[in-house]
Structures are given as C-alpha cells and as structure tokens.
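What follows is the structure in structure tokens.
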C-alpha cells in the first residue's frame with residue numbers, strides 16, 4: 601500500500617491532540633496527511649508558522665509545509681477527516697462535512713450519542729459500524745469515545761462477554777494532558793488533586809453502555825448495567841489511572857479473569873492494523889503495577905495495562921487500569937478507527 605496511501609485531513613490540527621495525530625500519521629503505512637484545518641486566525645498560514653509545537657519529537661517537515669485551512673470553510677478534498685476540534689465548534693462543522701460525502705472520524709463529544717452514529721473502540725464493538733452500510737458512501741460520522749471510557753471499556757469487554765456485568769464503580773485519576781494545552785494552571789495542580797472534571801463523570805457513566813450494547817433493527821440498544829464514576833485531575837502528564845470495582849452476573853475466579861485479559865484479541869489484531877497493539881490488554885502480577893510513568897507507552901501507547909485484581913467485599917472484584925489518554929484515548933484511537941474502516945472496505 602506504500603504507493604497508494606489514502607489522503608487524510610486533520611481538523612483541530614494546532615491543538616494538542618491534533619499535534620499528536622500528525623505525529624502518529626508521519627510515515628504511516630496506509631495514510632498520508634494531505635490537509636490540516638484550524639481556526640480562522642490560523643487559516644492561510646503555513647502549519648509550521650501557525651502551530652505552537654509542544655511535542656518532544658520534531659514537527660514533520662511535510663506537515664509543516666501545508667497551508668492551514670479554515671475548518672468552518674468546509675473546503676476539504678480528503679475523503680477521511682480526522683477531527684479533534686473543540687466541542688464548541690465541532691458539531692455543526694462535522695455534520696456539514698459528512699453531508700458533503702466525507703467520512704468524519706471524530707474525537708469530539710458532540711455526536712457520540714447520535715441515533716445513527718457509531719461510538720467505536722475497534723477491539724470492542726467493530727460490528728457497530730454495520731449501521732453505516734447503507735449510507736457511508738454518501739458520508740458519515742464515526743466517533744471515538746472519551747479517553748477515560750476507552751481504558752475502562754477495554755478491560756470490561758471480556759468480563760461482559762463471558763460473565764455479564766451487573767454494576768461498576770470507577771474512580772479515575774486523570775492526567776493533565778487530558779485538559780488540552782495549556783491546560784490546568786500550575787498553581788491549581790501542584791501539591792493538589794482536583795476532584796472535578798467538567799462533564800467527565802457523565803460521559804464515563806453513559807458511553808460504556810452504548811459501546812457494550814447491541815445494534816437491533818438499525819438502532820443502538822445500551823447494555824443493561826449501571827456505572828458510578830468519580831473523576832479527579834492529578835499531576836501526571838500522560839496516562840489515566842482508574843480503580844475499578846465490578847459485580848458480575850456469573851461466578852468467576854481470579855485466575856480465569858486474568859487469563860481472559862492476557863489472551864484477549866479482536867478484529868484489529870486479526871487484520872493486523874498498523875496502529876493496533878499486539879496485545880490489547882496486559883495484566884501485571886506486581887503488587888504496585890500498573891503505573892502511568894512505566895506503562896502508558898506500552899505497545900505504541902495503544903495497550904491497556906491492568907493490575908491488582910483481587911476480591912472485593914462490596915462488589916465481586918476490584919482492579920487498577922492504565923491507558924495513554926492522548927494516544928489510545930484520542931489520536932491513536934481515532935487513527936485506528938480509520939484503519940478499521942478502510943480495512944473493512946467501507947471506503
């Protein structure tokens with residue numbers, strides 16, 4: 601596919617997630633960055649002049665030479681649009697682009713609960729893309745879940761399939777990069793934990809139910825369990841840590857659950873998609889694992905690390921997960937969705 605790369609556009613290209621997306625697209629075997637979009641104040645500039653590049657890797661030369669387009673101008677040629685625009689502007693622009701025949705794969709929250717919009721984690725619910733079969737040729741929107749949702753749902757998926765889930769309690773300790781750049785003030789976060797992230801708990805209590813639900817008669821039917829979430833911002837740069845308690849519908853042993861996680865594989869692994877981790881879930885026996893600094897970059901930053909599985913006196917089991925919020929939870933997850941859509945022939 602080296603000589604037949606698919607051209608893609610990145611919208612919200614000057615933001616922190618947009619930059620990570622451009623970094624990941626550099627030398628991608630399937631996709632080539634053809635267009636970048638940003639706000640009106642950046643439009644018309646070379647990308648290298650418009651962006652405040654905050655990543656430790658150098659700005660890719662090819663990306664830097666592109667002229668920034670105004671997102672709201674809707675003047676994009678690429679069939680695949682990777683959107684990481686701010687939610688304040690993303691909704692209407694993404695709808696307009698889809699109506700023009702583009703496949704918009706969005707990291708923004710606006711359309712995640714659209715009646716005909718799949719909310720997809722490729723290893724969890726690739727079958728939800730089938731809802732687009734009748735109209736994807738005329739344009740569509742596919743959404744990437746919230747960053748904290750992705751790690752949680754990937755860990756719950758094997759349990760939900762084999763044992764059924766009755767209820768979940770989750771407490772998150774979320775990295776600073778999840779707030780974008782420049783993010784949280786240093787005076788707020790140093791020597792501190794902020795026990796509130798706007799809208800985060802609502803997302804974490806609702807998005808997993810759509811993802812782990814089913815598609816019946818062209819409609820999404822949510823999973824039938826309840827989730828209680830508490831979300832905190834902590835002084836970690838990258839990597840969301842989540843402590844999880846789960847009550848199952850059927851009995852399970854600790855050994856069975858660990859075996860399920862360590863051997864879990866799905867369609868992206870079968871298709872050998874470029875951004876897919878070799879092993880989506882990895883369990884660590886060490887009592888003090890997983891940790892953001894050690895495990896966030898595991899397998900290209902796309903694997904979910906799990907540890908500390910033990911019995912719970914209130915639920916059945918409790919455990920800890922780590923996932924990279926800007927890679928697996930944002931830019932990398934969006935690109936993996938694009939790879940899945942292309943590999944399934946939807947283009």
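Numbering (my numbering), first residue to last: 601 to 947.
Where a beta carbon is used, it is the ideal one built from N, C-alpha and C, also for glycine.
Item: What are the start and end residues of the beta strand (DSSP E) that includes residue 607?; Value: 606-611
Item: When you compare each of 934, 890, 755 and 942 to residue 624 by their alpha carbons, which one comes out closest?; Value: 934
Item: Output the residue ranges of the alpha helix (DSSP H) runs that lie fully inside the region 773-855 and measure 4 residues or longer, sorted by chain position.; Value: 786-789 and 800-811
Item: Under DSSP, the alpha helix (DSSP H) around residue 907 begins and ends at which residues?; Value: Note, residue 907: premise wrong, no alpha helix (DSSP H); beta strand (DSSP E) at 904-911.
Item: Give the C-beta separation of residue 719 and residue 709 to the nearest angstrom, bearing in mind that I take them to be a contact with Cβ-Cβ under 8 Å.; Value: With a Cβ gap of about 10 Å, residue 719 and residue 709 do not count as contacting.
Item: For a test of the three-state rule: what should DSSP assign to residue 927, helix, strand or coil?; Value: helix
Item: Helix, strand or coil: how does DSSP classify residue 634 here?; Value: strand
Item: Looking at the structure shown, is residue 715 part of a helix, part of a strand, or coil, going by DSSP?; Value: coil
Item: Would you mind giving the Cβ-Cβ distance between residue 797 and residue 747, rounded to the nearest angstrom? I have them listed as a contact below 8 Å.; Value: Not a contact, Cβ separation roughly 11 Å.
Item: Quick check on the burial criterion: 16 or more other C-beta atoms within 10 angstroms. Buried or exposed for residue 929?; Value: buried
Item: Quick one: is residue 671 buried, meaning 16 or more other Cβ sit within 10 Å of its Cβ, or exposed?; Value: buried
Item: Who are residue 934's beta bridge partners in DSSP?; Value: Its beta-bridge partners do not exist; DSSP assigns none.
Item: Determine whether the beta carbon atoms of residue 920 and residue 751 lie at a separation below 8 Å.; Value: no
Item: Spatial neighbours of residue 800 within its chain, please: C-beta separation below 6 Å, excluding the five flanking residues on both sides.; Value: 831
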